[in-house]
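Note that our numbering gives residue 312 to position 328 of the sequence shown, counting from 1, and the numbers run on in steps of one. Even glycine gets a Cβ: it sits at the ideal position worked out from N, Cα and C.
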Amino acid sequence: MPTVTLERQGRIGVIVIDNPPVNAMSWGVPGAMIARLAEANAGGALDGIVLMGGGSGVIAGADIRQFGQPWPAGEPNLRDMITAVEASAKPVIAALKGSCLGGGLELAMACHQRVAAPKTMLGQPEIKLGFPPGAGGTQRLPRLVGAERALKMILDGNPISAIQAFEWGLIDAVLEGDLPAAAVAHARAAIAAGGPFRLVRDRASSPVPHGLFETARAEAAKRRGPQAAALASIDCVEAATTLPFDQGLAKERSAFEHCLASEDSRALRHVFFAERAAAKVPGVGEDAKPQAIASAAVIGSGTMGGGIAMCFADAGIPVRLLDADPAALQRGLATIRRNYEATAAKGRISAAEVEARMGRITPVSGFDQIGGADIIIEAVFEEMAVKTEVFAKLDANAKPGAILASNTSYLNVDAIAATIPARAGFVLGTHFFSPANVMRLLEVVRTKTASPQTLASVLALGRRLNKVPVVSGVCYGFIGNRMLEGYVRQAEFLLEEGCLPQQVDKAITGFGFPMGPFAMADMAGLDISWRKRKSQSAARDPRRRYSPIADQLCEQGRFGQKTGAGWYRYDKGSRTPLADPAVEAMIVASARSQGISRRDIGPEEITERCLYPLVNEGARILEERIAARAGDIDTVWVNGYAFPPWKGGPMHWASRLGLPKVLASITAFAKIHDGWDPAPLLVRAVQRNEGWPS
Ligand SMILES: NC(=O)c1ccc[n+]([C@@H]2O[C@H](COP(=O)([O-])OP(=O)(O)OC[C@H]3O[C@@H](n4cnc5c(N)ncnc54)[C@H](O)[C@@H]3O)[C@@H](O)[C@H]2O)c1
């Protein structure tokens, strides 16, 4: 149960909000806070009030779990709490620590003064969930920091530091040392000095730079993704500069309610919760304590190994990097350095930090030099024989209890684990995405043998590496790549049936992906999947439809951007895809040779043909328990494949469209094309009028 307490320190009352873990404004908190404020104001015992969070010291915003749920009748809310603070006859000073975001900052801005510990971060991140601040943030922030800075904070949603906040006038002091004691001392001094304790609502807005709102609207209109929350935020901040405070507040309230009820916001909140739910893994309970990981080793210093080593170095974990080929090791190290230097050139890290991170990566030449690592991740060639040879060497060299992980994209990790049975409890897959140091998704591939502790350790490590770990069972391609296959297949069939690569890509970017399948393939390189197809060609079912165009491109040396041509052509030094008549000719010839008559295909069919396979395969993945829940699949696709987050991921998107509609289209496609058998789980969900199983 949340509590709010009032403690007297001389003539200062200290109100502490205690609602672990982050002191969110859940039901009950505002009411209790209002009661403590009234007590503090009663009688003449106190001169002023310090408001702070208990435990971590954070004053958080709304309890996001309670978003969209009806607020209990008669129960005061955050806005009532803010009204009570502003009505307090005694000055209220907010003491901030940790993060002060959203409603937490809105409450702080309603106080008479704000002080913060030096490491505090302050921000209005609401836009990331698809709505503007809703408890006065758009009205008070511009009055404190000016419209331009307020607009930036609200539109990008990123927090600023306490030092920056002090320089901008958002807070009144940065306090070193023990925050409660320092805040009480500050309150005494401020009261002795007579304030000032002017409420933010009573301040006039500072002059607005010419064209600020017009420029902001033009930029918002170019934004990828939902624009409603951005445009509403701009309108509200503008209102703060033109309307009386209470009218601005009313405008903000209606904008907030409107955006909160939107599909975009609903999807963004789904993504937010799905990411957190993915951390809860069936069979991995509280008793599975993560083992300490103080050092790591990575085998293979190619595209992935180099990126994975950077993840460790970035997180402050020393890592040894081993490659069978000394030249590849040198190339790998040089690439890592180049990447860090590019980051430093953009001003994101210092030159000293480049050296510190490089200093955590130690190149080594033999397996005997990696035996001390707590975790060893292999990222060698995607061949079973090479992988098992590496695991045999790990078995011989790794210390007892070391976690041994494979970065394989497709291979059977159970089979890899079975080659070293004595260590099978410590073997699993860690499927990073390229570029590994940038992409947030980490598929943790759960072998039959991996112990709960091994899984718990890798999940905890994933979070330390700033990743979003999602557990996948073992199957070909795991969650993400397995679903990708159907998407790419349909995209290629659409070409033979009448589209050009640019039409398919346009429909997919129109849906919200940053790139369509053909531009993406050109960027990733066509040769990797070509090699894979060639190695599997003997096993291909001749009754299944097969589009040969991708193979033909590779046979002509068109591997994508790196060779200046793939599905598109590229001018020298440019990454802009240009339509290529030669590719069109190949497509037309391929259709003719297969007796396919090409027709006009609109964006709606393109979207359904490419994206419904994700839903259908997702349903199979759910049924097979490869993914524990539909939200895990959405988390994989949003974080690893750039599925637009404001559509919530493929499974959420399908639910919102209506599973009967999706099934009807899949059934109709199945009558014409191959590979469209509806997933039994989808059929059952529709028959029973249910959603995805939870
Ligand atoms: N490239 C991607 O986009 C991507 C994404 C996810 C996963 N993966 C997977 O990651 C793994 C590595 O892929 P990559 O693209 O980094 O390959 P890569 O060819 O860029 O690098 C592989 C490196 O492993 C080294 N190597 C090969 N055999 C070795 C051995 N026995 N001992 C030590 N080093 C050895 C090679 O010299 C090379 O430097 C593969 O399993 C791949 O499927 C790749």
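Hey, which unbroken runs of the alpha helix (DSSP H) at 4 residues or more fall wholly within the stretch 589 to 633?
614 to 624
Tell me the start and end of each unbroken beta strand (DSSP E) in the stretch 269 to 324 that is at least 3 residues and wholly inside, in chain order.
280 to 283 and 303 to 306
Helix, strand or coil for S83? Go by DSSP, reduced to three states.
strand
What separation, rounded to the nearest whole angstrom, lies between the Cα atoms of R668 and P662?
10 Å
Same chain only: Cβ atoms within 8 Å of A389, ignoring 5 sequence neighbours per side:
I359, I360, I361, E362, V411, L412, G413, T414 and V442
Of the choices H636, E607 and G409, whose alpha-carbon is the least far from that of V620?
H636
With DSSP collapsed to three states, give me the class of G470.
helix
Helix, strand or coil for T346 per DSSP?
strand
Could you name the residues that DSSP lists as bridge partners for P453?
L426
Return the chain-ordered list of same chain residues with a C-beta closer than 6 Å to the C-beta of A698, the five sequence neighbours on each side being excluded.
The structure shown does not extend to residue 698, since the chain is modelled only from -15 through 678, so no value can be given for it.
Cβ neighbours of S279 in the same chain (closer than 6 Å, five flanking residues each side left out):
P302, A357 and D358
Within 10 Å of its beta-carbon, does L562 have 16 or more other beta-carbons around it, so buried, or fewer, so exposed?
exposed
Using the Cα positions of V265 and P453, report the straight-line distance between them to the nearest angstrom.
11 Å
Looking at ligand 1, does it come within less than 7 Å of S393, judged from the CB to the closest heavy atom?
yes
Below 8 Å CB to CB, which residues in the same chain sit around G39 once its five sequence neighbours on both sides are set aside?
D2, P4, P5 and N7
Give me the Cβ distance between Q474 and C594, rounded to the nearest whole Å; I'm assuming they're in contact under 8 Å.
5 Å
Could you please give the first and the last residue of the uninterrupted beta strand (DSSP E) stretch that includes A389?
I387 to S390
Please check the pair G679 and K74, which I expect to be a contact at CB under 8 Å, by giving their CB distance rounded to whole angstroms.
Residue 679 lies beyond the residue range present for the chain, which begins at -15 and ends at 678; the question has no answer from this structure.
What is the C-beta distance between V429 and V458, in whole angstroms, given that I count them as a contact (C-beta under 8 Å)?
6 Å
When you compare only the Cα positions, how much space is there between F477 and A491?
15 Å
On a Cα-Cα basis, can you pick out the residue from R(-5), E70 and T346 that is closest to A174?
R(-5)
Boundaries (first-last residue) of the alpha helix (DSSP H) holding V567
P565 to S577
Determine whether the beta carbon atoms of K81 and V34 lie at a separation below 8 Å.
no
Once you ignore the five residues that flank N381 on each side, which residues in its own chain have a CB closer than 7 Å to its CB?
F351, D352, I354 and G355
According to DSSP, simplified to helix, strand and coil, what is H254?
helix
What distance in whole Å lies between the Cβ atoms of G550 and D506, which are believed to be in contact at a cut-off of 8 Å?
4 Å
For the stretch 310 to 318 against the stretch 285 to 294, do three or more pairs of beta-carbon atoms, one drawn from each stretch, fall closer than 8 Å, so that the two count as touching?
yes
Would the beta-carbon of F417 be found less than 7 Å away from any heavy atom of ligand 1?
yes
Under 8 Å, Cβ to Cβ, is there at least one residue of chain C near A399?
Note that chain C does not occur in the displayed structure, where there is just one protein chain.
May I ask you to check if the CB of I354 is nearer than 7 Å to at least one heavy atom of ligand 1?
no
Going by Cα to Cα distance, which pick from A245, P436 and A258 is closest to G114?
A245
Are there 16 or more other CB atoms within 10 angstroms of the CB of G253, so buried, or fewer, so exposed?
In the sequence as displayed, the identity of residue 253 is Arg instead of Gly. It is buried - the Cβ of R253 has at least 16 other Cβ atoms within 10 Å.
Which residues does DSSP list as the beta-bridge partners of F375?
Partner(s): none; F375 has no beta bridge.
Can you tell me whether DSSP reads A382 as helix, strand or coil?
coil
If you drop the 5 nearest sequence neighbours on each side, which residues of the same chain put their C-beta closer than 7 Å to that of D47?
A8, M9 and S10
Quick one: does the C-beta of T319 sit closer than 7 Å to a heavy atom of ligand 1?
no
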